[in-house]
Amino acid sequence: MATSAGLGQPSVLSTLPKNLPLDFLKTITDQFSEARKIGTGAFGTVYMCFTSSEVHTKMDWNIRFNIIKGICNGLHFVHSIPIVHMDLKPENILLDDNMVPKIADFGLSRLFGQEQTRMNTQNVVGSYGYIAPEYLYRGEISTKSDIYSLGLLIMETTTGEKNCPGKEPSAVQFIKNVRENWKEQRIASEYPLLDADGLQQVKKCIEIGLECVEIDRLKRPSIETILDKLNGRCASIRN
Numbered sequence: 001m002a003t004s005a006g007l008g009q010p011s012v013l014s015t016l017p018k019n020l021p022l023d024f025l026k027t028i029t030d031q032f033s034e035a036r037k038i039g040t041g042a043f044g045t046v047y048m049c050f051t052s053s054e055v056h057t058k059m060d061w062n063i064r065f066n067i068i069k070g071i072c073n074g075l076h077f078v079h080s081i082p083i084v085h086m087d088l089k090p091e092n093i094l095l096d097d098n099m100v101p102k103i104a105d106f107g108l109s110r111l112f113g114q115e116q117t118r119m120n121t122q123n124v125v126g127s128y129g130y131i132a133p134e135y136l137y138r139g140e141i142s143t144k145s146d147i148y149s150l151g152l153l154i155m156e157t158t159t160g161e162k163n164c165p166g167k168e169p170s171a172v173q174f175i176k177n178v179r180e181n182w183k184e185q186r187i188a189s190e191y192p193l194l195d196a197d198g199l200q201q202v203k204k205c206i207e208i209g210l211e212c213v214e215i216d217r218l219k220r221p222s223i224e225t226i227l228d229k230l231n232g233r234c235a236s237i238r239n
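This is the structure in structure tokens:
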């Protein structure tokens, strides 16, 4: 069902040799650190790599942005059925050879009726750190549950920082860190080679991510609104 996540997404081709030295791989992935991990596929784990090359630095954000848009396209397709995935997290985002994301693992998903907007359950299951608060504490399920998880994925992909390094049930600390620290100055320092348009894309993704994790689910944007903002079809997001 996640095939549509790749629609309109450009392929990212690598000019690096296929057989890369282990020491080189360790260097560009910061010793295969958790912070650099962006997804796991059938053939292994995918890490975000950094080199001293300006080309690679610019490509790094382009890849991240296309991954974010690809995940959103995939979730738009899922919600149109309508299905609520219920377990969006980095481990369930698989990347193909062209770095196009595919949403995987629908084991916890719920199929809604066409006129149904939410349901309740007493059996709360999912992954700590990615569960929407209304589901975690009240058992409420809706498409906005996925939007909450999506917001965390967007912020992780944008910042390169890992949500919930421990076993905390809530992402409150991660969200607080992003809200307080990822201002324009931090964005410019993390992406020093991006032009003004690129920096605005980063800022927009941070803002979208924070909107998605509003405590009140009714204040979270729909997946259609998120895609419009990513594609520049909406008025600028709140400051």
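Heads up: the sequence shown at position 60 corresponds to 60 in the UniProt record's numbering, and the numbers run straight through without jumps. For glycine and all other residues, C-beta sits at the position ideal for the given N, C-alpha and C. Predicted, not measured: the structure shown is a model, and the values here were computed from it.
Rounded straight-line distance, which links the Cα of residue j to that of residue i
i	j	result
residue 245	Asp105	Any question about residue 245 goes unanswered here, given that the chain covers just 1 to 239.
Gly74	Ile103	7 Å
Leu218	Asn62	31 Å
Lys204	Leu88	21 Å
His76	Phe174	25 Å
Phe65	Gly198	10 Å
Gln200	Pro82	32 Å
Val178	Gly107	30 Å
Beta-carbon proximity list for residue i, same chain, < 6 Å, skipping 5 on both sides
i	result
Ala132	Ser145 and Tyr148
Gly209	Gly151, Ile154 and Met155
residue 248	Given a span of 1 to 239 for the chain in the structure shown, any question on residue 248 remains unanswerable.
Ile38	Val46 and Met48
Glu54	Here the model assigns Glu54 a pLDDT of 43, short of 50, so the residue's position is not dependable and the matter cannot be decided.
Unbroken beta strand (DSSP E) run spanning residue i, endpoints
i	result
Leu94	Ile93 to Leu95
Ile103	Pro101 to Ile103
Element boundaries [alpha helix (DSSP H), containing residue i]
i	result
Pro133	Pro133 to Arg138
Tyr47	It is not in any alpha helix (DSSP H) - Tyr47 instead sits in the beta strand (DSSP E) that spans Gly44 to Tyr47.
Gln185	Glu184 to Glu190
Leu108	Run containing Leu108: none; DSSP gives neither H nor E here.
Gly126	From DSSP, Gly126 is part of no alpha helix (DSSP H); its letter is neither H nor E.
Ile154	Thr143 to Thr159
Thr29	Note, Thr29: premise wrong, no alpha helix (DSSP H); not H, not E.
Val172	Val172 to Asn181
Ala35	It is not in any alpha helix (DSSP H) - Ala35 carries neither H nor E in the DSSP assignment.
Sequence-distant residues of the same chain with beta carbon closer than 7 Å to residue i, five excluded per side
i	result
Phe32	Lys26 and Tyr47
Thr29	Arg36, Tyr47 and Cys49
Thr157	Ile38, Arg64, Ile67 and Ile68
Given residue i as reference, the closest of the options once Cα atoms are compared
i	options	result
Arg186	Thr29, Val100 and Thr159	Thr159
Glu140	Phe24, Lys162 and Arg110	Arg110
Gly129	Pro90, Gly107, Ala171 and Leu95	Ala171
Tyr191	Arg233, Val84 and Asp60	Asp60
Cβ-based neighbour list, residue i, same chain, cut-off 8 Å, excluding 5 preceding and 5 following
i	result
Pro221	Ile147, Ile208, Glu211, Cys212 and Lys229
C-beta neighbour in chain B for residue i, strict 7 Å
i	result
Pro192	Among the protein chains of the structure shown there is no chain B, as only one such chain exists.
Expected contact under 8 Å - CB spacing of residue i and residue j to nearest Å
i	j	result
Ile223	His85	With 8 Å as the limit, Ile223 and His85 do not qualify as a contact, their Cβ atoms being about 11 Å apart.
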